[in-house]
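Participant: Using full-length UniProt numbering, read the sequence shown as starting at 1 and increasing by one per residue. Please read through the structure below; I'll follow up with questions.
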Amino acid sequence: MSSPRDAHPEGFALLDRRDAADLATYLSRARSVDPQAAVRLQGAGRVLAVWVSVVHPAGLLDSAPVVLGLRTVGLAEPAALDVTVAASAITDRLARTAGEGAPDDDAVLLSAPPQQVSASWAGIVAPRGGWSGVGAVDAERVRDVARRGVQAVSDAVPVDSGAAVVQKVRSRVWGAASGWGPPESPAIPDGAAFALDVLGFLPPTVQQVQVAAEQSGQWVRLSTAAGHVLVKPQR
1 MSSPRDAHPE GFALLDRRDA ADLATYLSRA RSVDPQAAVR LQGAGRVLAV WVSVVHPAGL
61 LDSAPVVLGL RTVGLAEPAA LDVTVAASAI TDRLARTAGE GAPDDDAVLL SAPPQQVSAS
121 WAGIVAPRGG WSGVGAVDAE RVRDVARRGV QAVSDAVPVD SGAAVVQKVR SRVWGAASGW
181 GPPESPAIPD GAAFALDVLG FLPPTVQQVQ VAAEQSGQWV RLSTAAGHVL VKPQR
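Rendered as structure tokens:
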């Protein structure tokens, strides 16, 4: 049995290779939104919280909401860390371990990248408690909102547009609230639907699943069995 002394202060040990593969898929999905994506890793005991941003303001004048993805992963040994690093650094490490040929049930030890990165969203802290249920919404409805938004962004962005133009369009589309949330909830930006879809938190279309919504202060949390999306609209 592991003790606190067994914790890896400079890394963490995933339970097995299946969890490692799931984490790699999650981070790859985050990088499909932003190839330079950062990831915040928070380890406490035997749980690793893996945070990514799908939508966030690019500056003080940007009207985009804050839309964060959260997935928790079990750890083989206790870990105490809080680092923000390039998602590519973690996916590279996971790719190397996948090629080692060890049994699927073996724990996967990953070292923390030595270089941290600066990400404005990583300093935005969602509430730990005070959440209360505000209804649920059908996963297919969420998926439809996400797909319509993706098409709207594609239609509005001219070919060879610069980063500033793309960000402006994304802020407008994903900051809009088209009324898809539960009736009991506050208006939820469409970017939250996009995050649930692009991060793989929605089930296959053949499954009838509800996305649970909770509220704490200005934040809304949307949850499925695969993960959580936390959103804070701009005021």
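Glycine included, every Cβ here is placed at the ideal spot set by N, Cα and C. Remember, predicted model here, so these are calculated numbers, not experimental data.
What separation, rounded to the nearest whole angstrom, lies between the Cα atoms of residue 113 and residue 13?
Facilitator: 14 Å
Participant: Comparing alpha-carbon positions, which option in 44, 25, 59, 137 lies nearest residue 167?
Facilitator: 59
Participant: Is residue 105 buried or exposed, if buried means 16 or more other CB atoms sit within 10 Å of its CB?
Facilitator: exposed
Participant: Find the nearest neighbour of residue 119 within the set 133, 85, 98, judged by alpha-carbon distance.
Facilitator: Nearest to residue 119 by C-alpha distance, out of 133, 85, 98, is 85.
Participant: Comparing C-alpha positions only, which one of 164, 126, 180, 190 sits nearest to residue 152?
Facilitator: 190
Participant: Who are the near neighbours of residue 146 in its chain, counting only those whose CB is closer than 6 Å to its CB and skipping five residues on each side?
Facilitator: 193, 194, 197
Participant: Determine the burial state of residue 184: buried for a count of at least 16 other Cβ atoms within 10 Å of its Cβ, exposed for fewer.
Facilitator: exposed
Participant: Mind checking residue 128: buried by the 16 CB within 10 Å criterion, or exposed?
Facilitator: exposed
Participant: I need the straight-line Cα distance from residue 49 to residue 111, nearest angstrom please.
Facilitator: Distance between the alpha carbons of residue 49 and residue 111 is about 16 Å.
Participant: Determine contact between the stretch 213 to 220 and the stretch 30 to 39, defined as no fewer than three beta-carbon pairs at a distance below 8 Å.
Facilitator: no
Participant: By how many angstroms is the C-alpha of residue 81 removed from the C-alpha of residue 18?
Facilitator: 22 Å
Participant: Kindly list the residues whose CB is nearer than 8 Å to the CB of residue 165, restricted to its own chain and excluding five residues on each side of it in sequence; keep chain order.
Facilitator: 157, 158
Participant: Whole angstroms is fine: what's the gap from residue 122's alpha carbon to residue 96's?
Facilitator: 27 Å
Participant: What separation, rounded to the nearest whole angstrom, lies between the Cα atoms of residue 3 and residue 78?
Facilitator: Here the model assigns residue 3 a pLDDT of 35, short of 50, so the residue's position is not dependable, and the following value carries that caveat. The alpha-carbon atoms of residue 3 and residue 78 are separated by roughly 8 Å.
Participant: Give me the DSSP bridge partner(s) of residue 175.
Facilitator: DSSP lists no partner for residue 175.
Participant: Using DSSP's beta-bridge definition, name the partner residues of residue 79.
Facilitator: 45
Participant: Rounded to whole angstroms, what's the CA-CA distance from residue 227 to residue 139? Just pull it up for me.
Facilitator: 13 Å
Participant: Considering residue 194, what are the terminal residues of the beta strand (DSSP E) in which it resides?
Facilitator: That residue, residue 194, is in no beta strand (DSSP E); its alpha helix (DSSP H) goes 190 to 198.
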